[in-house]
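Written below as structure tokens is the structure these notes are about.
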Amino acid sequence: MKKLLLVSFFVSLFACRPKAPIAPIQPVQPTVNPVRPTQPPSPATTIDGPAGRYLVTTYIVAGDTLHTANKAGFPIKSKLDIDSFALVIKQTGGDQYTLTYSYYHNPTGEVPTFTRKVTGSVLNDYYYRLTATDAQAGTVFDSKLSRVNKQFYQRTVGGGIVIPLKGSSSPLDQTTDKEVILVAVPQG
């Protein structure tokens, strides 16, 4: 029986031998798909107008992230003692809007509000641009809103709102000359 196994092993070893020499392995070339131009959103997928209520999900002052919240508005990480940080964009006529920022300050129970008048315009197929009508020389107000998912972005240098840190007794109605970045998503 052992001899039979040994013979079948040698037969199978020689039977598997290729008749042609094996070609060297070629490196695999990556497959590159051609770039397809993106189509602008159709009117059916574009949300009309920037007016609405937005929940602030990110608040950064001078490069320091002071507040982050989930899309439902609940704080994830916050150096502030606040809840319900929101932005309301209201159309006042034609291309005129007001931006009203508000938050609930937990230690005092107050709800400070800040209002800024802006002009809205369509930037391109994807964004609205909001321009401050009261911007001073030397200040920056860069604000835009996605026309597709209504995500709001604002960057200000000079005149941005400042929310006091936890444990601070600073007034609730301050502005700053530092860079302030806000990111917000539609409520609901």
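Just so we're aligned: the sequence shown equals residues -20 to -1, 1 to 168 in mature numbering (1 follows the signal peptide of the UniProt record, and there is no 0).
Positions of the beta carbon are idealized from the N, C-alpha and C atoms, including for glycine.
Note that the structure is a prediction, hence the values are computed from the model and not measured.
Count the other C-beta atoms from every protein chain shown that fall within 10 angstroms of the C-beta of residue i, then say buried if there are 16 or more, exposed otherwise.
i, result
"A52", "exposed"
"V102", "exposed"
"S22", "Its pLDDT being 48, under 50, S22 is placed unreliably by the model, and nothing is read from it."
"P87", "exposed"
"I143", "buried"
"A49", "buried"
"T155", "exposed"
"I141", "buried"
"I128", "The displayed chain sequence assigns Val, not Ile, to residue 128. Result: exposed."
If you run the structure through DSSP and keep just helix, strand and coil, what is residue i?
i, result
"R135", "strand"
"L152", "coil"
"K124", "strand"
How close, in whole Å, do the beta carbons of residue i and residue j come, if the pair is a contact with beta carbons under 8 Å?
i, j, result
"L162", "Q134", "5 Å"
From the options, pick the residue whose C-alpha is nearest to that of residue i; which is it?
i, options, result
"A42", "D105, I56 and E159", "E159"
"A115", "T72, S64, I40 and G138", "G138"
"K77", "R96, H85 and Y83", "Here the sequence assigns Tyr to residue 77, which means Lys is not the residue at that position. Here the closest residue by C-alpha is R96."
"A112", "F121, D44 and G147", "F121"
"V36", "D44, P30, K59 and D63", "D63"
"G73", "S123, S148, Q167 and A31", "A31"
"A164", "K(-19), A117 and I69", "I69"
"A66", "H47, D75 and K59", "H47"
"G29", "L110, Y81 and F54", "L110"
"T38", "G147, D157 and F132", "F132"
"F94", "Y34, H85, L79 and Y107", "L79"
"S148", "R33, K(-18) and L60", "L60"
"K57", "R33, D75, K130 and L145", "L145"
Whole beta strand (DSSP E) elements within the stretch 90 to 120, 3-residue minimum: 93 to 102 and 107 to 112
List, from N- to C-terminal side, the alpha helix (DSSP H) runs of 4 residues or more that fit wholly inside the stretch 32 to 78. none
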